[in-house]
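What follows is one structure encoded as structure tokens, with my remarks underneath.
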Amino acid sequence: MCGITGAFCFNNNNFKITEPYITQMRDTMTHRGPDGAGTYVSNDGRVGLGHRRLSIIDLSDAATQPMCNEDATLWVSFNGEIYNHAEIRQELNKLGGHQWKTDHSDTEIILHAFEQWGIDCVHKFRGMFAIALWDAKKRELWLIRDRIGIKPLYYSVHNGRITFASEIKALLQDTAQKRAVNEEAFYHYLSFLTTPAPNTLFDGIKKIPGGTWLRIKENGDIRENRYWDVWEHTTPLTGVSEAEIAERILAELRTAVKLRKVSDVPVGVFLSGGIDSSTNAALFSEGEGKTVKTFSIGYQGEYKSYQNELHYARQMADEVSAEYHERLLNIDDLMDFLPQMVHLQDEPIADPVCVPVYYVSKLARDNGVIVCQVGEGADELFWGYPGWKTALNLQNYINLPMPNFFKKLGLIGLQAIGKSHSSPYEWLRRGSLNQPIFWGGAEAFTENQKQRLLSPRLRGHFSDYTSWEALKPIRKRFEEKAWDTSHLNWMSYLDLNLRLPELLLMRVDKMSMGVSLEGRVPFLDHKFVELAMSIPTSLKTRNGTLKYILKKSVRGLIPDELIDRKKQGFGVPVYEWFFDKLGEQTRQELSTFCDKTDFLDKAEVMRLIDLGKGPQVWYLLNFALWWKEYVA
Numbered sequence: 001m002c003g004i005t006g007a008f009c010f011n012n013n014n015f016k017i018t019e020p021y022i023t024q025m026r027d028t029m030t031h032r033g034p035d036g037a038g039t040y041v042s043n044d045g046r047v048g049l050g051h052r053r054l055s056i057i058d059l060s061d062a063a064t065q066p067m068c069n070e071d072a073t074l075w076v077s078f079n080g081e082i083y084n085h086a087e088i089r090q091e092l093n094k095l096g097g098h099q100w101k102t103d104h105s106d107t108e109i110i111l112h113a114f115e116q117w118g119i120d121c122v123h124k125f126r127g128m129f130a131i132a133l134w135d136a137k138k139r140e141l142w143l144i145r146d147r148i149g150i151k152p153l154y155y156s157v158h159n160g161r162i163t164f165a166s167e168i169k170a171l172l173q174d175t176a177q178k179r180a181v182n183e184e185a186f187y188h189y190l191s192f193l194t195t196p197a198p199n200t201l202f203d204g205i206k207k208i209p210g211g212t213w214l215r216i217k218e219n220g221d222i223r224e225n226r227y228w229d230v231w232e233h234t235t236p237l238t239g240v241s242e243a244e245i246a247e248r249i250l251a252e253l254r255t256a257v258k259l260r261k262v263s264d265v266p267v268g269v270f271l272s273g274g275i276d277s278s279t280n281a282a283l284f285s286e287g288e289g290k291t292v293k294t295f296s297i298g299y300q301g302e303y304k305s306y307q308n309e310l311h312y313a314r315q316m317a318d319e320v321s322a323e324y325h326e327r328l329l330n331i332d333d334l335m336d337f338l339p340q341m342v343h344l345q346d347e348p349i350a351d352p353v354c355v356p357v358y359y360v361s362k363l364a365r366d367n368g369v370i371v372c373q374v375g376e377g378a379d380e381l382f383w384g385y386p387g388w389k390t391a392l393n394l395q396n397y398i399n400l401p402m403p404n405f406f407k408k409l410g411l412i413g414l415q416a417i418g419k420s421h422s423s424p425y426e427w428l429r430r431g432s433l434n435q436p437i438f439w440g441g442a443e444a445f446t447e448n449q450k451q452r453l454l455s456p457r458l459r460g461h462f463s464d465y466t467s468w469e470a471l472k473p474i475r476k477r478f479e480e481k482a483w484d485t486s487h488l489n490w491m492s493y494l495d496l497n498l499r500l501p502e503l504l505l506m507r508v509d510k511m512s513m514g515v516s517l518e519g520r521v522p523f524l525d526h527k528f529v530e531l532a533m534s535i536p537t538s539l540k541t542r543n544g545t546l547k548y549i550l551k552k553s554v555r556g557l558i559p560d561e562l563i564d565r566k567k568q569g570f571g572v573p574v575y576e577w578f579f580d581k582l583g584e585q586t587r588q589e590l591s592t593f594c595d596k597t598d599f600l601d602k603a604e605v606m607r608l609i610d611l612g613k614g615p616q617v618w619y620l621l622n623f624a625l626w627w628k629e630y631v632a
């Protein structure tokens, strides 16, 4: 796990890349790689690569980056892990013709795999990765993001060159890089708590979507290709018994966890006491000769909006004889962390869970662990959210045979009684347009709420626009590729393409790397994802039980009490904290922000604060603090 950066000048440009230019970008990300740093600049000053190293696999100096092949015709800067690197090395050795400079570096695998198979080598890789690869023979730069989008990769094309990096703050070191708000991305941020790829909140800076590569030629030609879509790798498990599917799930998950145990540094597990993290802990402890370290976060005091689940985490730690560590947070921890949180995020990740993820990562790092397994992905693959059950029922209700006239009549009725800003109005509006009800696992504001919230200028600009525009490309792929276009499959597919890579996984990456800790995600191993998306939806929703088939798979592996308890989720008592000092600072920050900018309607923002709309106000505070840090 590392930080990568670089630049490539097109042949119509006189700009020369220098080592100080690359190094300045590189060293904004020292937290991503405190163990070493390297820079490569071509003799003609057309291309440069930078790398910050967090040593995980092959700790020797021979594995430093940027790394080249034996004749220096290929150079790579790589962030992530190729878990099956040993297997690929064996395959390359059988084919012959490859000279190795390292003992077991997964980085060197990328170079020789590209030599052997070209860009198709990406299909060999089982892991998480953001890769920059310079082909000096063909004068081509390749930028590759892993299938699920676990690792971020940003880029900007400006002034006759392309710059790229693991973090946006590195790109901002280029003095020609403008700092301005992408207003369309801001509009979508108000829906999704994050910015859908390929855009970011910075105008002119983009992020590569998951499962996608870019090929950049020296004439400035850029080709984008989606090399992986889950529907192209699924075989419907029809006619397969429930028991056999449950066995396959556990077997594939056991393999995914085993692969993610491979490391030359200490590895631990984030443990909440829920099904996902408990399963991680149980599988991780299998065959271990030493005690597994687990890490948990809770909150001081009692809250209505969130109840600590640490007793479940302790129970699971005892079950696997783990070394257990926990920390209780309070509002001062949040207030102290806010400035650093904004800096680490690069662009707003408006999920308050960023706070506990940072502190549990710090807890692990402070206790000597460099890598931790996390549980993201299981809820999206196995119908794990209570809100999904509601959305599915609503979709089925709205899909009942009825003339569209009645839906539009219902909209008029809701508008007449002053409910045009409500969620039921928005759901009915989508239904009347034959759009799916589900727009993602987390929505901040409805379309009408956004119209009230935006400044008059932006209200006019987006008067005939909705965030469905951001979802259209995903929906198109879904309808073209899915073997079963059921509502549940849409929900999983949408979150696999938006909420997971750009919100949940981004918060894991940015917060864990903020303390130089690597986060690994077994439930999002692409082979496991392909298996999960091959399961008939009837098995995921059997008896209305959330995670029905996953629970069946792990029963006997973890205690029944943890499997059958009511799901709460990893939360933050933001609502209560807004009635404390967080509320005071928020009012001041947002008031100043509204006075200085033309994005939001100040009266509406103050109304939300006065009504105690803590979560919604948190989303706005994130944007205001980001603007102050990176744009103003």
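At position 173 of the sequence shown the residue is numbered 173 (full-length UniProt numbering), and the sequence of numbers has no breaks.
In this text, a Cβ means the ideal position worked out from N, Cα and C, and glycines have one as well.
None of the values given here were measured: they were computed from a predicted structure.
Assigned exposure category for residue 532 - 16 Cβ within 10 Å defines buried: Residue numbering aside, residue 532 sits at position 532 when the sequence shown is read from its first letter. Residue environment: residue 532 is assigned as buried (16 or more neighbouring CB atoms within 10 Å of its CB, all protein chains considered).
Pairwise C-alpha distance: residue 120 and residue 36: Numbered from its first residue, the sequence shown carries residue 36 at position 36. Numbered from its first residue, the sequence shown carries residue 120 at position 120. Answer to the nearest angstrom: the Cα atoms are 30 Å apart.
Unbroken stretches of the alpha helix (DSSP H), 4 residues or longer, contained in the stretch 4-72: 19-26
One or two residues paired with residue 134 in a DSSP bridge: Indexing the sequence shown from 1 puts residue 134 at position 134. According to DSSP, residue 134 bridges with 75, 141.
Candidates 385, 192, 423, 431: closest to residue 407 by CA position: In the sequence shown, residue 407 corresponds to position 407, counting from 1. When each option's Cα is compared against that of residue 407, the closest is 431.
Cα-Cα separation, residue 166 to residue 58: As a working mapping, residue 166 is identified with position 166 in the sequence shown. As a working mapping, residue 58 is identified with position 58 in the sequence shown. Each residue's Cα considered, the two are about 21 Å apart.
Nonlocal neighbours in the same chain, by C-beta distance under 7 Å from residue 647, ignoring five residues either side: Only positions 1 to 632 of the chain appear in this structure, which leaves residue 647 out of reach.
For residue 227, the first and last residue of its enclosing alpha helix (DSSP H): Mapped onto the sequence shown, residue 227 falls at position 227. Element bounds for residue 227: n/a, residue is neither H nor E.
Boundaries (first-last residue) of the beta strand (DSSP E) holding residue 295: Taking the sequence shown and counting its residues from 1, one reaches residue 295 at position 295. DSSP places residue 295 in the uninterrupted beta strand (DSSP E) bounded by 293-299.
Beta-carbon proximity list for residue 52, same chain, < 7 Å, skipping 5 on both sides: Position 52 of the sequence shown, counted from the first residue, corresponds to residue 52. Only 2, 3, 26, 29, 30, 32, 33, 37 meet the Cβ criterion.
Which listed residue (94, 68, 258, 87) has its alpha carbon closest to that of residue 136: Looking up residue 136 in the sequence shown gives position 136. Ranking 94, 68, 258, 87 by Cα distance to residue 136 puts 68 first.
Those runs of the alpha helix (DSSP H) which lie wholly inside the stretch 394-448 and span at least 4 residues: 404-416, 423-432
Alpha-carbon to alpha-carbon, residue 196 and residue 498: Position 498 of the sequence shown, counted from the start, is the residue given in the question as residue 498. Position 196 of the sequence shown, counted from the start, is the residue given in the question as residue 196. Each residue's alpha carbon lies about 6 Å from the other.
Coarse secondary structure for residue 283, derived from DSSP in three states: Your numbering for residue 283 matches position 283 in the sequence shown. Residue state, collapsed to three classes: helix.
Endpoints, alpha helix (DSSP H) assigned at residue 605: Here residue 605 refers to the residue found at position 605 of the sequence shown. Taken as a continuous stretch (DSSP letters only), the alpha helix (DSSP H) holding residue 605 covers 602-610.
For residue 164, three-class secondary structure by DSSP: If you number the sequence shown from 1, residue 164 lands on position 164. The answer is strand: DSSP assigns residue 164 an E or B state.
Per DSSP, cross-strand counterpart(s) of residue 372: Sequence index remark: in the sequence shown, residue 372 carries index 372 (1-based). Beta-bridge partners assigned by DSSP to residue 372: 268, 519.
Secondary structure, beta strand (DSSP E): runs of 3+ residues fully inside the stretch 313-360: 323-329
Contact check, residue 423 vs residue 414, beta carbons under 8 Å: For the purposes of this step, residue 423 is taken as residue 423 along the sequence shown, with counting starting at 1. For the purposes of this step, residue 414 is taken as residue 414 along the sequence shown, with counting starting at 1. No.
Nearest residue (CA-CA) to residue 261, options 520, 616, 320, 77: For the purposes of this step, residue 261 is identified with residue 261 of the sequence shown, where counting begins at 1. The shortest C-alpha separation from residue 261 is found at 520.
Coil, strand or helix - residue 474 by DSSP: Taking the first residue of the sequence shown as position 1, residue 474 is located at position 474. Residue 474 falls in the helix class under three-state DSSP.
Per-residue DSSP class, three states only, for residue 104: Translated into the one-based positions of the sequence shown, residue 104 becomes position 104. Coil at residue 104, not helix or strand.
Residue 548 - partner residues in DSSP beta bridges: Taking the first residue of the sequence shown as position 1, residue 548 is located at position 548. Answer is none; residue 548 lacks a bridge partner.
According to DSSP, residues forming a beta bridge with residue 202: In the sequence shown, counting from the first residue as 1, residue 202 sits at position 202. The partner list for residue 202 (beta bridge, DSSP) reads 181.
Cβ-based neighbour list, residue 7, same chain, cut-off 6 Å, excluding 5 preceding and 5 following: Numbered from 1 along the sequence shown, position 7 holds the residue referred to as residue 7. Hits under 6 Å: 17, 48, 161, 163.
Where residue 155 falls: helix, strand or coil (DSSP): Reading the sequence shown from its first residue, position 155 is the one you call residue 155. Residue state, collapsed to three classes: strand.
C-beta atoms of residue 80 and residue 127 nearer than 8 Å: As a working note, residue 80 is residue 80 in the sequence shown. As a working note, residue 127 is residue 127 in the sequence shown. In this structure, residue 80 places its C-beta atom within 8 Å of the C-beta atom of residue 127.
Given 8 Å, three or more beta-carbon pairs between the stretch 299-315 and the stretch 335-342: The answer is no - the stretch 335-342 does not touch the stretch 299-315, with fewer than three Cβ pairs under 8 Å.
Beta bridge counterpart(s) of residue 129 as assigned by DSSP: As a working note, residue 129 is residue 129 in the sequence shown. 80, per the DSSP bridge assignment.
When 172, 233, 444 are compared against residue 346, the one with the closest alpha-carbon: In the sequence shown, residue 346 corresponds to position 346, counting from 1. The shortest C-alpha separation from residue 346 is found at 172.
Sufficient close CB pairs (3 or more, under 8 Å) joining the stretch 151-160 to the stretch 105-116: no
Simplified DSSP assignment, three categories, for residue 260: Position 260 of the sequence shown, counted from the first residue, corresponds to residue 260. Coil.
Inter-residue spacing [alpha-carbon to alpha-carbon] between residue 203 and residue 72: Mapped onto the sequence shown, residue 203 falls at position 203. Mapped onto the sequence shown, residue 72 falls at position 72. If I take the Cα positions, the gap works out to 36 Å.
Residue 541 burial status per 10 Å Cβ neighbour count (16 or more: buried): Here residue 541 refers to the residue found at position 541 of the sequence shown. Buried: at least 16 other Cβ atoms inside 10 Å.
Selection from 503, 534, 379 that minimises the alpha carbon distance to residue 548: Residue mapping note: residue 548 aligns to position 548 of the sequence shown, counting from 1. Out of 503, 534, 379, 379 has the C-alpha closest to the C-alpha of residue 548.
Buried versus exposed, by CB contacts within 10 Å (16 or more), residue 573: Position 573 of the sequence shown, counted from the first residue, corresponds to residue 573. So residue 573 counts as buried.
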